[in-house]
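Chemist: Pasting in a structure now, in structure tokens, and then I'll have a few things to ask.
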């Protein structure tokens with residue numbers, strides 16, 4: 419556990435933090451979770467602090483875990499949606515009286531509270547791959563308070579924190595020798611984000627896991643992140659292998675992480691505009707990719723299924739898996755959003 | 419006052435509770451109300467607890483009384499609407515990435531907070547009579563924390579609690595010998611819920627009131643609830659009589675409760691789909707059914723008018739009644755939503 | 419500083435308060451701001467109090483400053499929009515089950531909390547000039563708790579408080595000898611409110627400022643308010659001059675306040691309905707009216723630019739002005755919304 423260097427930092431991607439820094443935030447998170455379990459309050463950690471939560475997209479877990487999290491630390495969250503403020507815009511995208519430049523929104527909110535958290539992705543940026551991250555970075559550029567990424571098109575670092583916290587609770591801090599089967603699975607919608615896959619594997623790769631990642635050949639992840647994952651496993655004593663067969667991820671796995679996500683090659687900047695009809699057609703070729711009992715039975719007897727939720731039952735995963743012996747980790751993972759984010763906030767908010 | 423058996427319970431219908439249990443929650447409510455009056459804070463009752471309020475329908479009283487109520491007890495309410503999360507659905511009604519199965523929503527929220535409260539009725543369930551209650555019960559089935567019914571098509575138990583608390587403040591705990599005139603009145607909209615009538619009469623019937631219920635013959639209430647009311651008055655020393663003349667409810671009454679509600683025989687499951695045009699036509703036959711000065715003057719000189727609000731002034735009740743000497747109880751009834759629900763939460767939230 | 423006469427008062431226009439009363443609320447605001455700076459909490463000022471914030475129009479600063487402000491004082495804000503309650507209406511404008519009479523909304527909320535704050539203007543009242551103020555006054559008539567005006571078509575007193583607080587921080591309490599250049603500037607939208615201009619000048623006029631107000635001849639302000647400003651400067655030792663040249667406001671100014679606003683002569687009651695196309699055409703004649711470097715350089719070397727925000731960059735003011743040495747006061751002004759409103763609430767909420 420380190421004691422300096424986190425206060426005042428932005429939390430935009432896990433890649434901005436060292437393993438020691440991530441460990442520290444998780445140590446704090448676990449202690450706050452223990453506090454909750456024994457009903458020890460800790461509202462003196464961030465008393466009177468306001469967290470501005472700006473949601474361009476819907477949310478159940480992220481919104482409730484942040485709103486409850488800052489409250490349990492002694493603060494308060496203002497729940498903001500663009501329709502109720504005005505649209506925060508980048509330079510050149512102003513809409514008269516209907517928008518406000520992000521540089522101004524960020525400066526004004528910084529004067530009134532302690533932290534700004536933002537979720538923006540998908541439709542809200544026309545699926546331009548890097549635009550949502552640019553928007554969050556624009557907030558961070560002008561804010562005088564920490565900015566937290568509540569999910570963009572590329573990264574979902576809060577989810578990554580909850581994921582690795584859940585893994586640590588099951589396996590300890592050292593994931594060497596643990597096989598994490600990570601896979602694309604089928605879904606009916608061409609709109610599910612890829613960010614959770616990125617950050618699940620990125621976070622796990624820091625701790626020495628053996629990652630087997632299976633997906634249809636057309637469903638690649640971001641090559642830059644893939645590169646970072648490879649570098650991480652090399653340093654941490656893990657491994658990373660890619661496969662075209664879902665079963666390769668499942669066989670002998672400690673964890674099966676199966677979730678649908680969009681095909682990056684049918685979205686900007688590869689295509690001019692989102693090719694969602696094409697994507698649904700492409701997905702149809704792989705409708706059999708589902709985490710069902712048959713596949714879970716290929717994993718270790720103690721294996722658990724993981725997913726960031728919301729999941730599409732019957733598409734990405736069967737009811738029998740989620741509601742059976744394999745489903746516990748998935749709900750722990752959701753709960754850990756609360757604790758992990760409290761750990762982050764307790765460490766970075768001054 | 420009882421001291422056990424309430425912690426951890428769901429609050430879905432009054433019928434799940436004994437008179438002693440209801441009395442206990444009201445005793446607590448009255449003490450909390452007295453605290454407020456003398457400005458004694460009680461934020462140590464539910465410190466740090468999160469209440470998830472899920473509103474499928476609009477609300478003024480229910481939302482504000484719960485949000486303020488949990489705050490005054492030391493907690494915090496997250497105000498959730500389906501557009502900002504995703505639509506919580508029953509099995510078989512999934513909408514791809516636009517919905518999330520209730521079993522998952524309930525489990526996830528249970529991990530993050532202390533109580534889930536839900537309002538769902540009318541248009542939001544296509545007026546299927548029992549569907550909204552089934553949805554609330556589905557939440558309760560999967561939640562590990564208490565679930566509170568903030569109104570469905572059949573029941574509005576929080577309103578029932580506030581109603582009987584208001585009656586107790588006027589008449590004491592024993593309503594024997596008190597005539598409660600309960601009546602349908604005219605309204606311009608074919609969308610007003612029947613649940614408040616059900617729970618007003620159900621709650622009052624526990625305490626020995628003499629209930630005279632008048633409505634046009636086409637505007638029956640739920641026969642199962644009517645049966646329960648009859649059983650209650652038999653046990654409590656009260657009476658229950660039905661009439662087709664509004665005046666029968668008003669004459670000599672201590673309370674005139676007059677409110678519009680939908681015709682159950684023009685809604686599913688009786689009809690295929692909501693017959694709202696027919697309903698407006700049917701209502702037109704009874705446009706004279708209004709709680710006006712003439713009718714209030716038929717009641718006792720000390721009589722009060724009651725209504726759960728919002729009311730349609732000039733339709734269900736005249737301005738002169740609401741704004742005159744008969745209107746006080748109605749606003750007390752609204753205020754008691756706050757106190758009664760605090761009593762419920764203080765008793766059931768662990 | 420005065421010690422009585424403020425508790426329980428409504429805060430609807432600055433004109434309802436004496437200079438001494440305004441000074442007192444600002445004295446309190448400055449002390450609360452100093453508390454924040456040294457991180458001294460003051461949550462014991464309004465513990466457990468609920469503020470109902472009713473927003474008919476979008477808001478960034480007003481909403482966040484009130485929500486954070488009441489929280490920092492120990493209370494909680496319920497964020498209400500008409501779609502989530504029902505439309506609060508004046509007598510004669512009821513919409514069946516879709517609305518609720520303001521007299522009832524105000525009475526009910528008064529029973530549940532400590533203060534009601536309302537923003538309503540522009541489109542939401544069909545641009546009827548005095549209607550939004552009438553609505554706020556209707557709330558005040560029936561509420562038993564203080565009502566705060568969060569902006570109507572005519573007044574924005576919370577903005578006026580923040581403005582004069584910002585001026586006091588720069589120049590002290592006595593503005594005699596200070597030239598405040600106040601001007602209309604161009605904007606692309608025919609929807610920007612005039613209330614901030616009214617209250618900036620009204621507030622400054624109480625403190626002896628020399629106000630030079632420039633605008634195109636068609637863009638008059640409210641004559642009644644102009645009369646009040648003239649009376650104020652006479653009493654306070656300031657002056658008020660009107661001009662048709664933007665430069666007259668800028669030359670030698672300590673402050674340049676430049677903002678777009680609607681043409682009152684193209685809105686009801688002067689016209690039958692809002693003549694927004696005409697207004698855009700009229701504005702086009704004055705597209706050169708922008709607070710740019712050239713004009714700011716006509717002001718004193720120490721001059722600052724002010725605007726209530728959100729501003730239309732490139733229209734009302736250039737990026738170089740806002741982001742350069744002239745822009746600081748503008749963000750101070752935004753921040754002071756928080757402190758000034760805390761001062762108001764701390765003084766008027768019982």
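Residue numbers (the numbering used here), protein chains in the order written: chain B, 419 to 768; chain S, 419 to 768; chain V, 419 to 768. Idealized CB from N, CA, C, for every residue including glycine.
Name, please, each residue of chain V whose Cβ falls closer than 8 Å to the Cβ of residue 485 of chain S.
Modeler: 468, 494 and 496, listed in chain order.
Chemist: What does the Cβ neighbour count give for residue 715 of chain B, buried or exposed, with the cut at 16 atoms within 10 Å?
Modeler: Answer is exposed; the Cβ neighbour count stays below 16.
Chemist: What three-state label does DSSP hand residue 445 of chain S in the structure shown?
Modeler: Three-state result, residue 445 of chain S: helix.
Chemist: With distances taken between CB atoms, is the gap from residue 611 of chain S to residue 680 of chain S smaller than 9 Å?
Modeler: Yes; because the gap between Cβ atoms is below 9 Å, this pair is in contact.
Chemist: What are the residues of the segment 455–480 of chain S that lie near chain V, defined by any Cβ-Cβ distance shorter than 8 Å?
Modeler: Those residues of the segment 455–480 of chain S that come within reach of chain V (Cβ to Cβ, closer than 8 Å) are 459, 461, 473, 476, 477, 478 and 479.
Chemist: Rounded to the nearest angstrom, how far is the Cβ of residue 598 of chain V from that of residue 723 of chain V, given a contact under 8 Å?
Modeler: Contact doesn't hold; Cβ gap of about 12 Å is too wide.
Chemist: Answer yes or no: does any C-beta atom of chain S fall closer than 9 Å to that of residue 504 of chain V?
Modeler: Yes, its Cβ sits closer than 9 Å to a Cβ of chain S.
Chemist: Can you find a C-beta in chain V that's less than 9 Å from the C-beta of residue 491 of chain B?
Modeler: Not one chain V Cβ lies under 9 Å of residue 491 of chain B.
Chemist: Going by DSSP, name the residue or residues bridged to residue 506 of chain V.
Modeler: According to DSSP, which records beta bridges pairwise, residue 506 of chain V is partnered with V:518.
Chemist: Which residue comes first and which comes last in the beta strand (DSSP E) that contains residue 676 of chain B?
Modeler: 673–677 is the span of the beta strand (DSSP E), which, as asked, contains residue 676 of chain B.
Chemist: Would you kindly work out how many angstroms separate the C-alpha atoms of residue 568 of chain V and residue 495 of chain S, rounded to a whole number?
Modeler: Spanning the two alpha carbons is a distance of roughly 24 Å.
Chemist: Comparing alpha-carbon positions, which option in S:531, S:760 and S:554 lies nearest residue 539 of chain S?
Modeler: Of the candidates S:531, S:760 and S:554, the one whose C-alpha sits nearest the C-alpha of residue 539 of chain S is S:554.
Chemist: Counting along the chain, where does the beta strand (DSSP E) carrying residue 599 of chain B start and finish?
Modeler: Run containing residue 599 of chain B: 597–602, per the beta strand (DSSP E) assignment.
Chemist: Can you tell me whether DSSP reads residue 680 of chain V as helix, strand or coil?
Modeler: In this structure, residue 680 of chain V counts as coil in the three-state DSSP scheme.
Chemist: Taking 8 Å as the line, does the beta carbon of residue 561 of chain S fall inside it for any heavy atom of the ligand COA?
Modeler: This structure simply doesn't include the ligand COA, nor any ligand for that matter.
Chemist: Please confirm whether residue 571 of chain B has its beta-carbon closer than 9 Å to some beta-carbon of chain S.
Modeler: So, not an interface residue.
Chemist: Between residue 703 of chain V and residue 615 of chain V, how many whole angstroms is the CB-CB distance? I'm expecting something under 8 Å.
Modeler: So it is not a contact: roughly 19 Å between Cβ atoms.
Chemist: Report the three-state DSSP secondary structure of residue 471 of chain S (helix, strand or coil).
Modeler: In the structure shown, residue 471 of chain S sits in a strand (DSSP, three-state: E or B).
Chemist: Taking residue 620 of chain S as the reference, give the member of S:648, S:710, S:632 and S:551 with the closest Cα.
Modeler: It is S:648 whose Cα lies nearest to the Cα of residue 620 of chain S.
Chemist: Flag residue 609 of chain B as yes if its beta-carbon sits less than 9 Å from any beta-carbon of chain C, otherwise no.
Modeler: Going by chain labels, chain C is absent from the structure shown, which instead holds the protein chains B, S and V.
Chemist: Given a threshold of 16 other Cβ atoms within 10 Å of its Cβ, counted over all protein chains shown, does residue 420 of chain S qualify as buried or as exposed?
Modeler: Exposed: under 16 other Cβ atoms inside 10 Å.
Chemist: Using 9 Å as the limit for Cβ to Cβ distance, is residue 753 of chain S near chain V?
Modeler: So, interface residue.
Chemist: Residues of the segment 527–542 of chain V with a CB closer than 7 Å to any CB of chain S: list them in chain order, please.
Modeler: Of all residues in the segment 527–542 of chain V, 527, 529, 530 and 531 have a Cβ within less than 7 Å of some Cβ in chain S.
Chemist: Quick one: measure Cβ to Cβ for residue 530 of chain S and residue 482 of chain B, integer angstroms, because I've assumed they're closer than 8 Å.
Modeler: Right, their Cβ atoms sit about 5 Å apart.
Chemist: Verify the CB distance criterion: does residue 770 of chain B have a CB-CB separation below 9 Å to chain S?
Modeler: For residue 770 of chain B there is no data in the structure shown, the boundaries of chain B being 419 and 768.
Chemist: Take residue 462 of chain B and list the residues in its own chain whose beta-carbon comes closer than 8 Å to its own, dropping the five residues that flank it on each side.
Modeler: Cβ neighbours of residue 462 of chain B beyond the five flanking positions: 492.
Chemist: Just the chain B side, please: which residues come within less than 8 Å of residue 603 of chain V by C-beta, in chain order?
Modeler: Under the 8 Å cutoff, chain B gives no residues; its nearest Cβ is about 13 Å from residue 603 of chain V.
Chemist: At which residues does the beta strand (DSSP E) containing residue 494 of chain B begin and terminate?
Modeler: That run of the beta strand (DSSP E) goes 494–498.
Chemist: Using the Cβ count rule (16 or more neighbours within 10 Å means buried), how would you classify residue 672 of chain B?
Modeler: By the 10 Å Cβ count, residue 672 of chain B comes out buried.
Chemist: Could you compute how far the alpha carbon of residue 466 of chain B sits from the alpha carbon of residue 725 of chain S?
Modeler: Distance between the alpha carbons of residue 466 of chain B and residue 725 of chain S: 40 Å.
Chemist: What does the Cβ neighbour count give for residue 513 of chain S, buried or exposed, with the cut at 16 atoms within 10 Å?
Modeler: So residue 513 of chain S ends up on the exposed side.
Chemist: Give me the chain V residues within the contact set of residue 685 of chain S, using Cβ-Cβ distance strictly less than 9 Å, ordered along the chain.
Modeler: What residue 685 of chain S touches in chain V: nothing, since even the nearest Cβ is about 15 Å away.
Chemist: Please list the segments of the alpha helix (DSSP H) lying wholly inside the segment 625–667 of chain V, counting only runs of 4 or more residues, in order along the chain.
Modeler: Counting whole runs of 4 or more residues, the segment 625–667 of chain V contains the alpha helix (DSSP H) stretches 641–654.
Chemist: Would a check of beta-carbon distances place residue 730 of chain B closer than 9 Å to chain S?
Modeler: Yes, contact with chain S.
Chemist: Taking Cβ-Cβ distances shorter than 8 Å, what residues in chain B pair up with residue 582 of chain V?
Modeler: By Cβ distance, chain B contributes nothing, its closest Cβ being about 18 Å from residue 582 of chain V, past 8 Å.
Chemist: Return the chain-ordered list of same chain residues with a C-beta closer than 6 Å to the C-beta of residue 752 of chain V, the five sequence neighbours on each side being excluded.
Modeler: Cβ within range, chain order: 479 and 727.
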